[in-house]
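Each number in this note's numbering corresponds to the 1-based position in the sequence shown with 223 added. Glycine is no exception: its CB is placed at the ideal position from the N, C-alpha and C atoms. Here is the structure we will look at, set down as structure tokens.
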Amino acid sequence: ADVPWAIPHVWTFEHYVAVWTDGGFGRYFFNSFIISFVDAIVMIVFASLAAYALTFMSFPGKQLIRFAFLAGLMVPVTAIVLPLYASIRSLGLIGTHLGVILCDVALALPIFVFLFASYFRKIPVSLHDAARVDGASEWEIYSKVILPIARPVVVTTGLLEFLWSWNDLLLRLVLMPREQSRTLAVGLLM
224 ADVPWAIPHV WTFEHYVAVW TDGGFGRYFF NSFIISFVDA IVMIVFASLA AYALTFMSFP
284 GKQLIRFAFL AGLMVPVTAI VLPLYASIRS LGLIGTHLGV ILCDVALALP IFVFLFASYF
344 RKIPVSLHDA ARVDGASEWE IYSKVILPIA RPVVVTTGLL EFLWSWNDLL LRLVLMPREQ
404 SRTLAVGLLM
């Protein structure tokens with residue numbers, strides 16, 4: 224009989240093609256991928272640099288910055304959606320990838336800074352000191368000594384940020400009202 228949830232008699236991909244093209248899911252997928260990929264790359268760069276500075280360098284205000292990152296972990300996203308919207312609107316970035324990427328990175332940066340910092344603290348200080356004695360600059364120590372050792376946390380950060388960004392609905396719903404800028408999560412909802 225013709226049961227709507229039964230296995231189809233004729234297999235066809237025309238509905239998938241229709242959803243992908245007519246339904247706009249190709250564009251939604253592209254938007255989701257671009258935002259998530261850029262989020263992951265930017266997060267790896269900024270979180271690793273901040274964690275490197277907080278772990279291996281001494282400077283005034285270091286504890287204050289660490290406390291600011293800790294305070295950033297305590298603020299739920301839902302509590303600051305309206306101020307975020309007002310800030311992004313004042314910058315003229317509503318409906319743009321950049322507006323969402325800035326918010327994603329700013330909101331998730333504290334947890335990844337602490338993730339990188341905890342990994343960096345496990346790296347022997349002697350490696351850092353040996354590179355310094357060999358005449359390496361801070362950038363060379365970071366990029367050629369510390370970061371290659373931290374490959375596991377780099378991959379973890381990239382994957383987690385990509386997935387969190389891909390699955391985020393709230394910020395996409397608020398910051399990307401136009402159909403051409405929607406992501407897959409918002410497209411599935413609408």
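Buried or exposed for residue i, going by 16 or more other Cβ atoms inside 10 Å?
| i | result |
| --- | --- |
| D391 | buried |
| D245 | exposed |
| S259 | buried |
| L287 | exposed |
| S388 | buried |
| V348 | exposed |
| S313 | exposed |
| A353 | exposed |
| A229 | exposed |
Out of curiosity, what's the CA-to-CA distance linking residue i and residue j?
| i | j | result |
| --- | --- | --- |
| A373 | L338 | 11 Å |
| F252 | L407 | 5 Å |
| H232 | M413 | 30 Å |
| Y308 | C326 | 10 Å |
| A273 | E361 | 13 Å |
| W234 | A331 | 43 Å |
| V328 | P227 | 44 Å |
| M297 | V304 | 15 Å |
| A359 | I346 | 17 Å |
| V356 | T379 | 31 Å |
| K285 | S255 | 35 Å |
Should residue i be flagged as near chain C, meaning a C-beta pair shorter than 8 Å?
| i | result |
| --- | --- |
| T319 | Reference to chain C is not applicable here, since this structure consists of a single protein chain. |
Within this structure, are the beta carbons of residue i and residue j separated by less than 8 Å?
| i | j | result |
| --- | --- | --- |
| F292 | P333 | yes |
| I311 | L398 | yes |
| F282 | H351 | no |
| Y342 | V376 | yes |
| L386 | S271 | no |
| E384 | A294 | no |
| R405 | V323 | no |
| F248 | V242 | yes |
For the candidate residues the options, whose alpha-carbon lies nearest to that of residue i?
| i | options | result |
| --- | --- | --- |
| I257 | S313, V268 and T319 | T319 |
| F269 | S388, L386 and G381 | G381 |
| I364 | V261, Y275 and F248 | Y275 |
| V336 | M266, N254 and P227 | M266 |
| T201 | W228, P400, L393 and S404 | Since the first residue of the chain shown is 224 and the last is 413, residue 201 is not available in this structure. |
| R344 | R401, W228, R395 and L277 | L277 |
| E402 | T379, V304, P306 and I317 | I317 |
Return the chain-ordered ranges of every alpha helix (DSSP H) run that is complete within the region 232-312 and spans a minimum of 4 residues.
237-244, 248-279 and 285-296
Quick one: complete alpha helix (DSSP H) runs, 4+ long, within the region 302-389?
304-313, 320-344 and 348-356
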